[in-house]
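Note sheet for the following structure.
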Amino acid sequence: MWTKDETSREVVDKAWQLQVEGSQGFKLARKQTNTKNELEKWNKEHFGNVRERIKVLEKKIEEVQGAEPTKENLELEVALSLELDDWKKDLNDIKERIESKLSSWKSKNLSWASRATLIKSMIQVILSYSMSVLQVPKGLCDQLDAIVRRFWWNPKFNKGSYSNPIAWDLLYWPLKEGGLGFRKFWEFNQALLAKLAWWLLVGKDCLCINLLRVKYKVRTNWLNHKASGSISSVWKSLEGIKQPVAQGACILIGSGDSIWIWEDPWISNLPHFRPNLRENASMDESIVVSQLLDHSKTRWDISKLRNTKKNSPPSPPKLPIIGNLHQLGLQPHRSLQTLAQRHGPLMLLHFGSVPVLVVSSADAAQEIMKTQDLNFANRPKSSMFDKLLYNYKDVSMAPYGEYWRQMKSILVLHLLSNKRVQSFCTVREEETFLMIEKIKQSYDSSSSVNLSEVFAKLTNDVVCRVALGKKYGEGEGGRKFKELLGEFVELLGVISVGDYIPWLSWVNRVNGLDARAEKVAKQLDDFLEGVIEEHLNFKKKEVHDHVLSDFVDILFWIQKEKVIGFPIDRVSIKALLLA
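The numbering used here numbers the first residue of the sequence shown as -6 and each following residue consecutively.
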């Protein structure tokens, strides 16, 4: 629209000639800001709102037509009429674009399928970009719907009557509900704007949303925000969609993926907000809050809330405090077999306060692992895992939820994919060759070979080179590293009495187990921090799929490029390296 006014170029030239002192970057930024401000001011003065401008021109034409018919008034009327036509043409440009598309198809004999394809893939796509940021007048949307409707029922003619054996609104329904999936322009425009408004409301991290939030100083809830000063057409469109968004918005406190029902506060800033037990309800269910939701209907699963003890499997008698721990004996597998023969293939035991479901048949195992897998996706909490695995950030111990799914996708798609494993073939070959050479040297010197140590060293060297970029098994540092890993693995397998009998958790502080775990966790974290800093300081080239790199480089590339669309922090990277 600016191209119709000859002064637009003058405004830009004048604004760009501003004299600014400072560095080249500072000068450029000041000139750009000055040019933007001048163009906004000039645009508001010369154009303003399109519809308001049209109303003003129509009013002026009426005044001229009611005045004395002099030569000057007649010339003014012609000039105003031409200007009015130009403005109306701008407003109807969208309509003309669609009509021009349709006119080129009228000479063709199109089948119903062809017409449906053209409507959905051509006509209704033309406006997608404009409608995603600007609110189109409802009257214009109705006209566009009428154009599409005529093309569907009677594509050969622009005028005249036509029959419509099926109500047009039925064709807007999705394909799976019996419609053709056509879009109503007005509803489609509202939906696209609502999506942009939703991104603004939840603070989506993208350039467009960040720009809008900074420009209009949106620091809190956008629904309660009022912009000051002049606003753009995009912001006006967002203001227009605010009420429908507000009606369907709610505050999400959390997903509940990592909140254990009986142990954790459900709301972080309300530590005493905990569920009240119904009479005869069981609090032995080791599940998280998200498992009480019916995700298909986005609401609470009432059947689980009413009575968590309903349909519990048979359980042998238990003792206070220790539960069924005394029944395990020195050979737990034999004891469990004997108990299962007595109580059935599904049996509920209690290890202290921790419920344990014992499955002893293939059918029951299939039901649990396939049909009910989400209900058994989480592991019980452990103080050792908490201290050693960065508060359950590790893939193997993280609660089932969005974090676990994203971390697993990184592991499967980027670290352990077939392509990635093949890329480390050279590392495996080199280390295998070195192992064979060492065995050969031992043979030549007639010395004995401890194959367990040799294969353990091979595995350690390959894993370190693939994950961390180099071997950490040589010299005094290598000896300490092996000792650290050995103690780490040992602590992961330690049975902590506090995990099964919570009120005895103080025992770990007395016997030194907590202090030992914290020391190992600190040493391991310092080691991983050193590895990461070494990689960052080395300033390797950027990692791509076709470049051979270790896991540390790949993970920082994923973090930098936001490959998975899910933010991962440094702690998550260290936890993945321990996986």
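C-beta atoms are modelled at their ideal positions from N, C-alpha and C, and glycine is treated no differently. Bear in mind the structure is a predicted one, so any value in this text is a computation, not a measurement.
Once DSSP output is grouped into helix, strand and coil, what is the label at residue i?
i: H407; result: helix
i: L341; result: strand
i: G316; result: strand
i: L231; result: helix
i: V459; result: helix
i: V126; result: coil
i: L173; result: coil
i: V282; result: helix
i: R372; result: coil
i: D287; result: strand
i: V351; result: strand
i: W98; result: coil
i: W293; result: strand
i: W499; result: helix
i: H537; result: Note that H537 has pLDDT 47, beneath the 50 cutoff, so the model's placement of it is unreliable and no number is given.
i: V166; result: The question names Val, yet the displayed sequence has Trp at residue 166. W166 falls in the coil class under three-state DSSP.
i: E180; result: helix
i: M276; result: Because M276 sits at a pLDDT of 48, beneath the cut-off of 50, its placement in the model cannot be relied upon, and the following sentence gives the value as read from the coordinates. Correct three-state label for M276: coil.
Excluding the 5 residues flanking residue i on each side, which residues of the same chain have their C-beta closer than 8 Å to its C-beta?
i: R292; result: L286
i: L321; result: S328, L329
i: V388; result: W397, M400, K401, L404, A568, L569, A572
i: D507; result: S376, K380, N501
i: T63; result: none
i: K229; result: Q128
i: G558; result: none
Measure how close the beta-carbons of residue i and residue j come, nearest whole angstrom, since I'm counting them as under 8 Å.
i: K407; j: R413; result: The question names Lys, but residue 407 in the sequence shown is His. With a Cβ gap of about 7 Å, H407 and R413 count as contacting.
i: P373; j: H336; result: At roughly 21 Å, the Cβ-Cβ gap does not stay under 8 Å, so P373 and H336 are not in contact.
i: D250; j: Y393; result: 7 Å
i: L317; j: L342; result: A quick correction: the sequence has Asn, not Leu, at residue 317. Confirmed, about 4 Å.
i: L231; j: A190; result: 5 Å
i: L339; j: L350; result: 7 Å
i: L477; j: L517; result: 6 Å
i: F417; j: V447; result: Between V447 and F417 the Cβ distance is about 20 Å, and since that is not below 8 Å, they are no contact.
i: A160; j: I234; result: No, A160 and I234 are not in contact; Cβ-Cβ is about 28 Å, not under 8 Å.
i: V282; j: I315; result: V282 to I315, Cβ: 28 Å. No contact.
i: I112; j: W145; result: 7 Å
Leaving aside the five residues before and after residue i along the sequence, list all residues of the same chain whose C-beta is less than 6 Å from its C-beta, in chain order.
i: S498; result: G491
i: Q240; result: none
i: N182; result: M124, V129
i: L194; result: W215
i: L474; result: A small correction: the amino acid at residue 474 is Phe; Leu does not occupy that position in the sequence shown. Counting only Cβ-Cβ distances below 6 Å, and skipping sequence neighbours, we find Y465.
Which residues in the same chain as residue i place their Cβ atom closer than 7 Å to its Cβ, once the five residues preceding and following it in sequence are excluded?
i: V536; result: Low per-residue confidence applies at V536: pLDDT is 47, beneath 50, and the placement is therefore not dependable, though the value from the model is reported in the following sentence. Cβ neighbours of V536 beyond the five flanking positions: S542, D546, I547, W550.
i: V556; result: none
i: A370; result: Y393
i: H539; result: At H539 the pLDDT is 43, less than 50, meaning the model places this residue with poor confidence and gives no usable figure here.
i: S289; result: none
i: L164; result: G172, L173, F175
i: D454; result: E424, K464, G466
i: M428; result: V447, L451
i: H319; result: L312
i: S226; result: L127
Do the stretch 373 to 380 and the stretch 489 to 502 meet, that is, are 3 or more Cβ pairs less than 8 Å apart? The stretch 373 to 380 vs the stretch 489 to 502: in contact.
May I ask you to verify whether the stretch 134 to 148 touches the stretch 174 to 185, counting CB pairs closer than 8 Å and requiring at least 3? As far as the Cβ criterion goes, the stretch 134 to 148 touches the stretch 174 to 185, which means the pair count is three or higher.
Counting Cβ pairs, one atom from each stretch, are 3 or more of them under 8 Å apart for the stretch 562 to 569 and the stretch 381 to 393? Under the 8 Å Cβ criterion, the stretch 562 to 569 counts as touching the stretch 381 to 393, having at least three qualifying pairs.
Do three or more CB pairs link the stretch 514 to 522 to the stretch 409 to 424 at distances below 8 Å? No contact exists between the stretch 514 to 522 and the stretch 409 to 424.
Please confirm if the stretch 495 to 514 is in contact with the stretch 477 to 487, defined as three or more CB-CB distances below 8 Å between the two stretches. The stretch 495 to 514 vs the stretch 477 to 487: in contact.
Going along the chain, which unbroken runs of the alpha helix (DSSP H) with 4 or more residues stay wholly within the stretch 431 to 490? Counting whole runs of 4 or more residues, the stretch 431 to 490 contains the alpha helix (DSSP H) stretches 444 to 461, 468 to 485.
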